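For the protein sequence lines, the chains are V and L, in the order given.
The numbering used here applies: residue 8 is where the first sequence begins, and numbers increase by one.
The numbering used here applies: residue 8 is where the second sequence begins, and numbers increase by one.
Number of protein chains: 2
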Amino acid sequence: MRFRWKRESRMLSAVMEDYIKAIYAIRSDGQERVSTSALADYLDVTAPTVSSMLKKLEERGLVDREEYKGVTLTEEGELVALEILRHHRLLEAFLTERLDYDWADVHDEADRLEHHVSDELTDRIAEALGNPGVDPHGDPIPDADLSLPEPGDTIRLATVAEGEPVVVRRIRHQGDEELRYLADAGIRPGVELEVVDVAPFGMVTAEIPGGEQSLPEEIARLIEVVPAAEADELEA
Amino acid sequence: MRFRWKRESRMLSAVMEDYIKAIYAIRSDGQERVSTSALADYLDVTAPTVSSMLKKLEERGLVDREEYKGVTLTEEGELVALEILRHHRLLEAFLTERLDYDWADVHDEADRLEHHVSDELTDRIAEALGNPGVDPHGDPIPDADLSLPEPGDTIRLATVAEGEPVVVRRIRHQGDEELRYLADAGIRPGVELEVVDVAPFGMVTAEIPGGEQSLPEEIARLIEVVPAAEADELEA
DNA sequence: TGCAGGGTTTAGATAAGTCTAATTCGCGAA
DNA sequence: TTCGCGAATTAGACTTATCTAAACCCTGCA
Numbered sequence: 008m009r010f011r012w013k014r015e016s017r018m019l020s021a022v023m024e025d026y027i028k029a030i031y032a033i034r035s036d037g038q039e040r041v042s043t044s045a046l047a048d049y050l051d052v053t054a055p056t057v058s059s060m061l062k063k064l065e066e067r068g069l070v071d072r073e074e075y076k077g078v079t080l081t082e083e084g085e086l087v088a089l090e091i092l093r094h095h096r097l098l099e100a101f102l103t104e105r106l107d108y109d110w111a112d113v114h115d116e117a118d119r120l121e122h123h124v125s126d127e128l129t130d131r132i133a134e135a136l137g138n139p140g141v142d143p144h145g146d147p148i149p150d151a152d153l154s155l156p157e158p159g160d161t162i163r164l165a166t167v168a169e170g171e172p173v174v175v176r177r178i179r180h181q182g183d184e185e186l187r188y189l190a191d192a193g194i195r196p197g198v199e200l201e202v203v204d205v206a207p208f209g210m211v212t213a214e215i216p217g218g219e220q221s222l223p224e225e226i227a228r229l230i231e232v233v234p235a236a237e238a239d240e241l242e243a
Numbered sequence: 008m009r010f011r012w013k014r015e016s017r018m019l020s021a022v023m024e025d026y027i028k029a030i031y032a033i034r035s036d037g038q039e040r041v042s043t044s045a046l047a048d049y050l051d052v053t054a055p056t057v058s059s060m061l062k063k064l065e066e067r068g069l070v071d072r073e074e075y076k077g078v079t080l081t082e083e084g085e086l087v088a089l090e091i092l093r094h095h096r097l098l099e100a101f102l103t104e105r106l107d108y109d110w111a112d113v114h115d116e117a118d119r120l121e122h123h124v125s126d127e128l129t130d131r132i133a134e135a136l137g138n139p140g141v142d143p144h145g146d147p148i149p150d151a152d153l154s155l156p157e158p159g160d161t162i163r164l165a166t167v168a169e170g171e172p173v174v175v176r177r178i179r180h181q182g183d184e185e186l187r188y189l190a191d192a193g194i195r196p197g198v199e200l201e202v203v204d205v206a207p208f209g210m211v212t213a214e215i216p217g218g219e220q221s222l223p224e225e226i227a228r229l230i231e232v233v234p235a236a237e238a239d240e241l242e243a
């Protein structure tokens, strides 16, 4: 069943789409209801601005709002979020695979374009790439029906035992600096590595093809991995 | 010499870019000075709207304005126009060549995206395509330094003598309908054809690979061709 | 139980881009 | 030379998205 005809007739402004995306992102980070101030922080605008925008989103039926408490996405709001996510992640994948972008640099370009590519173009990109299930950071890409593939089970690199070979599956991120750091370290989805040392203050040292890398704990915590054995299984 | 750093620091709104593009397009159609009403027509807004926008563009140094007379692009305005043209035409070329779009359908998608692709992305697209000199309609693409390749000499199909084989070089257009018409007729840049008949009221019948096509004169006038002999020369 | 402080909302202003209605300008015809 | 008409501009209002300042709500601590 497809609801694709809806989005382009919905005609949300890019700004509104950004609010929906932000609510989705913050919500995914744990909170059930998303607060005005959390959104203000995330979007770098003032609280009154958020407050008035939330009222508009409520009128449009995209969020449920409880005064002084916060908002949640309605079913329709959820679909909008998933559509933007699909655009964003497919753009990232395309830029990386077909236009030779570094996977740590695609975020900004995708952020601007995601609001302006048609669903038609998005679908063509998906097809050209063979309908990939994940983007270059390992984040799952909603399919054309907007259902989000369940990512397989992963564990955080920070919790891996020394000596166990693992394969990087996904890099969680908000800002670009962490991605840059990891890209420079040669750590990206698909890379096999092995923790060789965990220092007292959380510095994790891992062996990767081509050398060793030391990572601060807060960076290591962004890396999701699976045991190498398990990864091999999936290849086959 | 490159001036590329300028555009993205100029930070024009998409709307302003559309006005610049419109002035460029109307100017290319003959007029030296572009009138308020011509712009209002072209952009489908009212004259007062254009008037106030032209004042802003003048303040930004993008147009020279003579009250009650019209505007011309300044040197900087010209560069903006060429940058947008480069974005637009490379996008069209890319969508057609790499994402299997029909060359008659790419216009709208490119119109939306041209304001949001970075120069970086534009350059990567150009490189991926081998720095093409023309877009799918045969329109010249400004290079990275924003100089516009001189298109070779062409003649209008409407003026071609019966029996002379020619090759289509370029399709001039404003709306999409003519492009659709020609695409459906199988006439596009690169196709070889021969005029077999010109009827009293300007209906032009041409033989193309795969059959014959009759075209109204106003459509035939949009088609620029070169003698087949000349075209072969350039291939070699 | 009440109040202080922090988060939220309301009120009112601003900037961009658009509109309609009213005014002004410029130029060709009488 | 002047009149009148069409084109251009000015005036003022509306919408979207933003801000600051002020008022309001809620809750945890005394």
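Even for Gly, the Cβ is constructed at its ideal location relative to N, Cα and C.
All values derive from a computational prediction rather than experimental measurement.
Ignore the nearest five residues each way along the sequence and tell me which others in Ala235 (chain V)'s own chain have a CB closer than 7 Å to its CB. Here residue 235 (chain V) refers to the residue found at position 228 of the first sequence. Close CB contacts of Ala235 (chain V) within its chain, under the 7 Å cut and outside five residues either way in sequence, are with Pro172, Val173, Val174 and Glu199 (chain order).
Closer than 8 Å at the beta carbon, the chain L residues around Asp109 (chain V): As a working note, residue 109 (chain V) is residue 102 in the first sequence. Residues of chain L with a Cβ closer than 8 Å to the Cβ of Asp109 (chain V) do not exist; the shortest Cβ-Cβ separation is about 11 Å.
Which runs of the alpha helix (DSSP H) at least 4 residues long sit entirely within the region 8–86 of chain V? Give them in chain order. Here the runs fully enclosed are 12–17, 21–35, 43–50 and 54–66.
So the candidates are L:Ala227, L:Leu80, L:His95 and L:Ala168; which of them puts its Cα closest to the Cα of Glu121 (chain L)? On the second sequence, residue 121 (chain L) is found 114 positions in, with the first residue counted as 1. With distances taken between Cα atoms, Glu121 (chain L) lies closest to L:His95.
Give the single residue among V:Val141, V:Asp118 and V:Leu97 whose Cα lies nearest to the Cα of Asp126 (chain V). The residue you call residue 126 (chain V) lines up with position 119 of the first sequence. Ranked by Cα distance from Asp126 (chain V), the first of V:Val141, V:Asp118 and V:Leu97 is V:Leu97.
Suppose the cutoff is 6 Å on Cβ atoms and the five residues either side in sequence are ignored; what does the same chain contact list for Pro223 (chain L) look like? Start at 1 with the first residue of the second sequence, and residue 223 (chain L) comes out as number 216. Take Pro223 (chain L), set aside five residues on each side of it, and no residue of its chain has a beta-carbon closer than 6 Å to its own.
Given a threshold of 16 other Cβ atoms within 10 Å of its Cβ, counted over all protein chains shown, does Pro156 (chain V) qualify as buried or as exposed? Position 149 of the first sequence, counted from the start, is the residue given in the question as residue 156 (chain V). Per the 10 Å Cβ criterion, exposed.
Close-in-space but distant-in-sequence residues of the same chain around Ala29 (chain L) (CB under 7 Å, 5 per side omitted): Here the question's residue 29 (chain L) lines up with position 22 in the second sequence. Excluding sequence neighbours, Ala29 (chain L) sits near Leu46, Tyr49 and Leu50.
Looking at the strands, I want to know which residues DSSP matches up with Arg163 (chain L). As a first step, residue 163 (chain L) must be located in the second sequence, where it is residue number 156. Bridge partners of Arg163 (chain L): L:Glu231.
Which residues in the same chain have their Cβ closer than 7 Å to the Cβ of Lys76 (chain V), if we skip the five residues on either side of it in sequence? Reading the first sequence from its first residue, position 69 is the one you call residue 76 (chain V). Apart from sequence neighbours up to five positions away, the residues of its chain that approach Lys76 (chain V) with a beta-carbon distance below 7 Å are Arg40, ordered along the chain.
Contact set between the region 148–160 of chain V and chain L, restricted to residues whose Cβ is under 7 Å from the partner: For the region 148–160 of chain V, which is checked against every Cβ of chain L, not one residue is closer than 7 Å.
Can you look up Val151 (chain L) in the DSSP assignment and give me helix, strand or coil? Sequence index remark: in the second sequence, residue 151 (chain L) carries index 144 (1-based). Note on residue identity: the sequence assigns Ala, not Val, to residue 151 (chain L). Here DSSP, grouped into helix, strand and coil, assigns Ala151 (chain L) to coil.
Quick check: Leu164 (chain V) and Val113 (chain V), are their CB atoms within less than 8 Å of each other? Counting from one through the first sequence, the residue named residue 164 (chain V) turns up at place 157. Counting from one through the first sequence, the residue named residue 113 (chain V) turns up at place 106. Against a cut-off of 8 Å, the Cβ pair of Val113 (chain V) and Leu164 (chain V) comes out as no contact.
Using 8 Å as the threshold, is the C-beta distance between Val202 (chain V) and Glu169 (chain V) below it? Position 195 of the first sequence holds residue 202 (chain V). Position 162 of the first sequence holds residue 169 (chain V). Taking 8 Å as the cut-off, the beta carbon of Val202 (chain V) is found closer than this to the beta carbon of Glu169 (chain V).
Whole runs of the alpha helix (DSSP H) within the region 84–134 of chain V, excluding any shorter than 4 residues: Counting only runs that start and end inside the region 84–134 of chain V, the alpha helix (DSSP H) elements of at least 4 residues fall at 113–120.
Pick out whichever of V:Tyr108, V:Glu90, V:Asp107 and V:Val22 has its Cα sitting closest to the Cα of Val57 (chain V). Translated into positions along the first sequence, residue 57 (chain V) becomes position 50. Checking every option, the nearest Cα to that of Val57 (chain V) belongs to V:Val22.
For chain V, check one thing: does any of its Cβ atoms lie closer than 8 Å to the Cβ of Ala135 (chain L)? Here residue 135 (chain L) corresponds to residue number 128 of the second sequence, with the count starting at 1. True, the Cβ-Cβ gap to chain V drops below 8 Å.
Cβ-Cβ separation, Arg119 (chain V) to Leu80 (chain V) (assumed contact under 8 Å), whole Å: For the purposes of this step, residue 80 (chain V) is taken as residue 73 along the first sequence, with counting starting at 1. For the purposes of this step, residue 119 (chain V) is taken as residue 112 along the first sequence, with counting starting at 1. Contact annotation, Leu80 (chain V) with Arg119 (chain V): C-beta distance approximately 23 Å; criterion of less than 8 Å not satisfied.
Identify every run of the beta strand (DSSP E) within the region 162–206 of chain L, keeping only runs that are complete inside it and at least 3 residues long; order them along the chain. Here the runs fully enclosed are 172–178 and 199–205.
Determine the DSSP secondary structure at Glu224 (chain V), reduced to helix, strand or coil. Position 217 of the first sequence holds residue 224 (chain V). Residue state, collapsed to three classes: helix.
Within 8 Å (strictly less), CB to CB, does Glu104 (chain L) reach chain V? Taking the first residue of the second sequence as 1, we reach residue 104 (chain L) at position 97. Between Glu104 (chain L) and chain V, the shortest Cβ-Cβ separation is not below 8 Å.
Cross-chain neighbours of Arg72 (chain V) in chain L, by beta carbon under 8 Å: What you label residue 72 (chain V) is simply residue 65 of the first sequence in a count that begins at 1. Near Arg72 (chain V) there are no residues of chain L at all, since even the closest Cβ is about 30 Å away, more than 8 Å.
Glu104 (chain L) to Ile148 (chain L), Cα distance in whole Å? The count along the second sequence starts at 1 and reaches residue 104 (chain L) at position 97. The count along the second sequence starts at 1 and reaches residue 148 (chain L) at position 141. Straight through space, the alpha carbons of Ile148 (chain L) and Glu104 (chain L) are spaced by roughly 15 Å.
Count the other CB atoms within 10 Å of the CB of Asp146 (chain V); is the residue buried (16 or more) or exposed (fewer)? What you label residue 146 (chain V) is simply residue 139 of the first sequence in a count that begins at 1. By the neighbour-count rule (16 or more Cβ atoms within 10 Å), Asp146 (chain V) is buried.
I want to see whether chain V comes within less than 8 Å of Arg17 (chain L), judged by CB atoms only; does it? Mapped onto the second sequence, residue 17 (chain L) falls at position 10. At a cut-off of 8 Å between beta-carbon atoms, Arg17 (chain L) makes no contact with chain V.
Quick one: list the residues of chain L neighbouring Ser125 (chain V), beta-carbon separation under 7 Å, in chain order. Residue mapping note: residue 125 (chain V) aligns to position 118 of the first sequence, counting from 1. For Ser125 (chain V), the C-beta contacts it makes with chain L under 7 Å involve Glu116, in order along the chain.
Examine chain V for any beta-carbon lying closer than 8 Å to the beta-carbon of Ile91 (chain L), and answer yes or no. For this step, residue 91 (chain L) is matched to residue 84 along the second sequence. For Ile91 (chain L), the answer is no, since every Cβ of chain V falls outside 8 Å of its Cβ.
Would you identify the three-state DSSP class for Glu237 (chain V), choosing helix, strand or coil? Here residue 237 (chain V) corresponds to residue number 230 of the first sequence, with the count starting at 1. Here Glu237 (chain V) sits in helix by DSSP.
In angstroms, rounded to a whole number, what distance separates the CA positions of Phe208 (chain L) and Pro139 (chain V)? Counting from one through the second sequence, the residue named residue 208 (chain L) turns up at place 201. Counting from one through the first sequence, the residue named residue 139 (chain V) turns up at place 132. Spanning the alpha carbons of Phe208 (chain L) and Pro139 (chain V) requires a straight line of approximately 55 Å.
Taking the alpha carbon of Asp183 (chain V) as the point to measure from, which residue in V:His144, V:Ile162, V:Tyr26 and V:Gly218 has its own alpha carbon closest? The residue you call residue 183 (chain V) lines up with position 176 of the first sequence. Checked all of V:His144, V:Ile162, V:Tyr26 and V:Gly218; the closest Cα to Asp183 (chain V) is V:His144.
I'd like to confirm the pairing. Which residues does DSSP put opposite Gly218 (chain V) in its beta bridges? Here residue 218 (chain V) refers to the residue found at position 211 of the first sequence. Beta bridge pairing from DSSP links Gly218 (chain V) with V:Ile215.
Please say whether Tyr26 (chain L) and Leu64 (chain L) have beta carbons closer to each other than 8 Å? In the second sequence, residue 64 (chain L) corresponds to position 57, counting from 1. In the second sequence, residue 26 (chain L) corresponds to position 19, counting from 1. Contact: yes.
Please confirm whether Ala100 (chain L) and Arg187 (chain L) have their CB atoms less than 8 Å apart. Here residue 100 (chain L) refers to the residue found at position 93 of the second sequence. Here residue 187 (chain L) refers to the residue found at position 180 of the second sequence. In this structure, Arg187 (chain L) does not lie closer than 8 Å to Ala100 (chain L) by Cβ.
Proximity below 8 Å, CB of Ala117 (chain L) to CB of Leu102 (chain L): For the purposes of this step, residue 117 (chain L) is taken as the residue at position 110 of the second sequence. For the purposes of this step, residue 102 (chain L) is taken as the residue at position 95 of the second sequence. The Cβ atoms of Ala117 (chain L) and Leu102 (chain L) sit closer than 8 Å to each other.
Taking the C-alpha atoms as reference points, what is the distance between Thr212 (chain V) and Asp152 (chain L)? Against the first sequence, residue 212 (chain V) aligns to sequence position 205. Against the second sequence, residue 152 (chain L) aligns to sequence position 145. Taken atom to atom, the span from the alpha-carbon of Thr212 (chain V) to that of Asp152 (chain L) is near 46 Å.
Within 10 Å of its beta-carbon, does Pro216 (chain V) have 16 or more other beta-carbons around it, so buried, or fewer, so exposed? Residue numbering aside, residue 216 (chain V) sits at position 209 when the first sequence is read from its first letter. That one is exposed.
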